[in-house]
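Student: For the sequence shown, the positions run 784 to 908 when the numbering used here is used.
Even for Gly, the Cβ is constructed at its ideal location relative to N, Cα and C.
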Amino acid sequence: MPKKVSVTKFYTFEAAHQLVNHEGKCKNEHGHSYKLEVTVTGTPKQADGSPDEGMIIDFDEMSKIVKKVIDPFDHHNINKAVDYPTTVENIANDIFDRLYKTDLPVSKVRLWETATGSATVEYVE
784 MPKKVSVTKF YTFEAAHQLV NHEGKCKNEH GHSYKLEVTV TGTPKQADGS
834 PDEGMIIDFD EMSKIVKKVI DPFDHHNINK AVDYPTTVEN IANDIFDRLY
884 KTDLPVSKVR LWETATGSAT VEYVE
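1) Check each candidate in K851, N873 and I840 and name the one with the smallest Cα separation from T861.
2) Counting C-beta neighbours from all protein chains within 10 Å, is the total for A898 16 or more, i.e. buried, or is it exposed?
3) Classify V907 as helix, strand or coil using the three-state DSSP reduction.
4) If you drop the 5 nearest sequence neighbours on each side, which residues of the same chain put their C-beta closer than 7 Å to that of D857?
5) E896: buried (16+ other C-beta within 10 angstroms of its C-beta) or exposed?
6) Within the stretch 859–898, note down every full alpha helix (DSSP H) run reaching 4 residues or more, in order along the chain.
7) Apply the 10 Å Cβ neighbour rule to H813 and answer buried if 16 or more other Cβ atoms are within range, or exposed otherwise.
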């Protein structure tokens with residue numbers, strides 16, 4: 784029976800932003816402790832004697848790739864790094880696109896801006 788396996792790893796970063804055209808309090812510069820969930824999907828490597836046998840990807844390798852993508856946001860004002868409105872939806876979409884351009888088989892990104900609010904971007908075939 785054909786099947787795929789997904790694994791998810793969590794990351795955090797701190798960043799400031801503002802929603803310039805927003806009419807609420809978010810038009811003021813403010814910060815968040817973002818929590819990022821990155822899910823990769825694939826078929827675990829079969830018995831080949833390699834160190835990553837049975838894995839889709841080694842978590843350490845995954846973290847190196849994700850860190851390179853989120854480092855430009857960490858402890859920065861996101862508005863100064865991008866040219867789009869910095870909603871959680873747009874930031875999640877940007878992170879997904881950046882990860883998709885790497886060797887990481889990313890299938891889903893979920894970005895938490897607050898303890899109760901997040902945006903999810905998923906790969907659709």
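Tutor: On the basis of the data shown:
1) Here residue 861 turns out to be Ile, not Thr, going by the sequence shown. Per the C-alpha coordinates, the member of K851, N873 and I840 positioned closest to I861 is N873.
2) exposed
3) coil
4) F796, E797 and A798
5) That one is buried.
6) Those alpha helix (DSSP H) runs which fall completely within the stretch 859–898 and span 4+ residues are 871–883.
7) exposed
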